[in-house]
Amino acid sequence: MSASHLPPLPPDEPPGVPGFRTWRGVYAFVLGCFVLVVVLLTVFSHVYG
8 MSASHLPPLP PDEPPGVPGF RTWRGVYAFV LGCFVLVVVL LTVFSHVYG
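Residue 15 in this note's numbering sits at position 8 of the sequence shown; the count goes up by one each step and never skips.
#1: Could you check what DSSP says for Gly23 in three-state terms: helix, strand or coil?
#2: Whole-angstrom Cβ separation of Val37 and Val24, contact assumed at under 8 Å?
#3: For the alpha helix (DSSP H) that His53 lies in, which residues bound it at each end?
This is the structure:
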């Protein structure tokens, strides 16, 4: 099929998570939390190891 014959994409549904209007915001928050946990684990392992 060529690009002109494809049906239009439906609009993205909102995530339904309080405080987030887009899925990109949800993914950024989850990634940020993961990075924070990894950094804290690294720091604590050096301090208490």
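Glycine included, every Cβ here is placed at the ideal spot set by N, Cα and C. Remember, it's a predicted structure, so these values are computed and weren't measured experimentally.
Taking the geometry as given:
#1: Here the question's residue 23 lines up with position 16 in the sequence shown. Correct three-state label for Gly23: coil.
#2: As a first step, residue 37 must be located in the sequence shown, where it is residue number 30. As a first step, residue 24 must be located in the sequence shown, where it is residue number 17. Contact doesn't hold; Cβ gap of about 10 Å is too wide.
#3: The residue given as residue 53 occupies position 46 in the sequence shown. That run of the alpha helix (DSSP H) goes 30-55.
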